[in-house]
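What follows is a short report on a single structure.
Number of protein chains: 2
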Amino acid sequence: MRHLCLMLKKSEAKIIEAGFTVFSANPTATLADVAKEAGVGRATLHRHYAGREDLMAALAMVAMQELDDAIEAATKDAPSYTEALRLSLEVIIPLADRQMFLANEPLDHVPEVLEAYTQQLDETAEAVEAAKEEGGFDAAVPTAWIVQAIETLTYAAWTVVRDGDATPEEAAALAWRTLQSGLTGGEK
Amino acid sequence: MRHLCLMLKKSEAKIIEAGFTVFSANPTATLADVAKEAGVGRATLHRHYAGREDLMAALAMVAMQELDDAIEAATKDAPSYTEALRLSLEVIIPLADRQMFLANEPLDHVPEVLEAYTQQLDETAEAVEAAKEEGGFDAAVPTAWIVQAIETLTYAAWTVVRDGDATPEEAAALAWRTLQSGLTGGEK
DNA sequence: AAAAAATGAGACATCTTTGTCTCATGTTGA
DNA sequence: TCAACATGAGACAAAGATGTCTCATTTTTT
Numbered sequence: 143m144r145h146l147c148l149m150l151k152k153s154e155a156k157i158i159e160a161g162f163t164v165f166s167a168n169p170t171a172t173l174a175d176v177a178k179e180a181g182v183g184r185a186t187l188h189r190h191y192a193g194r195e196d197l198m199a200a201l202a203m204v205a206m207q208e209l210d211d212a213i214e215a216a217t218k219d220a221p222s223y224t225e226a227l228r229l230s231l232e233v234i235i236p237l238a239d240r241q242m243f244l245a246n247e248p249l250d251h252v253p254e255v256l257e258a259y260t261q262q263l264d265e266t267a268e269a270v271e272a273a274k275e276e277g278g279f280d281a282a283v284p285t286a287w288i289v290q291a292i293e294t295l296t297y298a299a300w301t302v303v304r305d306g307d308a309t310p311e312e313a314a315a316l317a318w319r320t321l322q323s324g325l326t327g328g329e330k
Numbered sequence: 143m144r145h146l147c148l149m150l151k152k153s154e155a156k157i158i159e160a161g162f163t164v165f166s167a168n169p170t171a172t173l174a175d176v177a178k179e180a181g182v183g184r185a186t187l188h189r190h191y192a193g194r195e196d197l198m199a200a201l202a203m204v205a206m207q208e209l210d211d212a213i214e215a216a217t218k219d220a221p222s223y224t225e226a227l228r229l230s231l232e233v234i235i236p237l238a239d240r241q242m243f244l245a246n247e248p249l250d251h252v253p254e255v256l257e258a259y260t261q262q263l264d265e266t267a268e269a270v271e272a273a274k275e276e277g278g279f280d281a282a283v284p285t286a287w288i289v290q291a292i293e294t295l296t297y298a299a300w301t302v303v304r305d306g307d308a309t310p311e312e313a314a315a316l317a318w319r320t321l322q323s324g325l326t327g328g329e330k
């Protein structure tokens, strides 16, 4: 193996995938559980990832990369920042499975992850501010709130899909409507 | 102690309060941490709560009761269901500290807690449906989504308050506006 | 004051997870 | 084929959390 290789090795890929599967189902699962799901020995897991923290960090990096790629692809030809945000929302929901279990992990101490996460938030904030200029959002509403609302409504959408209360498309539409025009009905 | 007593004993109250404090800061804290914060011996904690699960369940019951009481008091004189939901949102945010760390606990196996939680959700759903009839929400939007949106926007509000990006009042207003009319601005 | 109950401190065994190491086996590339 | 490398299986020690128990002390009640 002398050529530059950005891909994961075969075992690493299996372990990462198993990590998503197992930790999604149970965030406190053991490394033995992950190794078993991956079909590799526990020692092999340790050879590639020094410990639980390392594995979690690797999962986080992969998940964020996937998200980045999906958003990049989906918004490539978006006619506006506002539309780009809507498209992002749509694309994120099916991928949210792979992110949600990471939310409650203490990854703050891994600089690499923290930096990538911060950058993701910054990019969202930038898109929101650009959308504000388009009239897509009220400039009087703090960007921090809009970003937070996007994040949590994405989570809400993922939840209702998971519970079988809506299809991904329906959930995305509901989340976007909530952001854009709220849930108010007509006067009675 | 022969008279009927619905209050917690002194030690129990200290332990419960310590539980909120410690687990809010670190959801994986140990029972020893809780006992220390409470200023009681670890054995005493075990005398009152058989184990971690028992303690968590007790915390959940207390938190839900607090929430119930606060909502009951706040919405007592509400002129409508819609307004009652808005007032609830306001009241919940400062209390959210005491709930959030419980969200990721596997409490599903404690029937008592599960029942109380289900009832809370049902009550919210009922209020939402009543608000729909008032025109407060669009009847075409699924109640399940509205309930989920209320929950997650409450979480969003709590988050921005925690991060110092807004006062509780501001956050509550933003969350309610998002629900009611969205975040759209005028055309440019 | 005397009895009863609750507590603190610590010892102890157990269990789980983690991380390391070794050795035999299998796989890959030259 | 041969050599380098990756793997699987298992043993092992260390660390942390939990739950139980005892005993002396304190607090409360009677």
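Just so you know, the sequences run in chain order A and B. If you want the working numbering, it's the position in the first sequence, counting the first as 1, plus 142. If you want the working numbering, it's the position in the second sequence, counting the first as 1, plus 142. By construction, the Cβ of each residue, glycine as well, lies at the ideal position given by its N, Cα and C atoms.
With a threshold of 7 Å between beta carbons, is residue i in contact with chain B?
i               : result
W318 of chain A : no
Y259 of chain A : no
A155 of chain A : no
A298 of chain A : yes
T186 of chain A : no
T294 of chain A : yes
Using a Cβ-Cβ cutoff of less than 6 Å, which residues in the same chain neighbour residue i once the five nearest sequence positions on both sides are dropped?
i               : result
A281 of chain B : K274
Within the 7 Å Cβ cut-off, does residue i reach chain A?
i               : result
I288 of chain B : yes
T266 of chain B : no
V270 of chain B : no
A216 of chain B : no
V333 of chain B : As shown, chain B starts at 143 and ends at 330. That puts residue 333 of chain B outside it, with no answer to give.
Mark residue i as exposed unless 16 or more other C-beta atoms lie within 10 angstroms of its C-beta, in which case mark it buried.
i               : result
Q241 of chain B : buried
R228 of chain A : buried
G278 of chain A : buried
A155 of chain A : exposed
E214 of chain A : exposed
A245 of chain A : exposed
T309 of chain A : exposed
S222 of chain A : exposed
L325 of chain B : buried
T320 of chain B : buried
In its own chain, which residues sit with a C-beta less than 8 Å from the C-beta of residue i, not counting the 5 before and 5 after it?
i               : result
K151 of chain A : H190
E159 of chain A : A180
M203 of chain A : E254, V255 and A258
Residues of chain A with CB under 7 Å from residue i, in chain order?
i               : result
G193 of chain B : Simply none; closest approach about 16 Å.
Name the chain A residues whose beta carbon is nearer than 9 Å to that of residue i?
i               : result
V283 of chain B : L316, R319, T320, L325 and G327
D307 of chain B : P284, A286, W287 and Q290
Cβ closer than 8 Å: which chain B residues qualify as neighbours of residue i?
i               : result
L229 of chain A : What L229 of chain A touches in chain B: nothing, since even the nearest Cβ is about 17 Å away.
Y223 of chain A : In chain order: nothing, as chain B lies at least about 12 Å away.
Note down, in chain order, each residue of its chain lying with its Cβ closer than 7 Å to the Cβ of residue i, except the 5 sequence neighbours on either side.
i               : result
A267 of chain B : T285 and V289
A313 of chain A : I235, A299, V302 and V303
S153 of chain B : V182, T186 and H190
S230 of chain A : I213, A216 and T217
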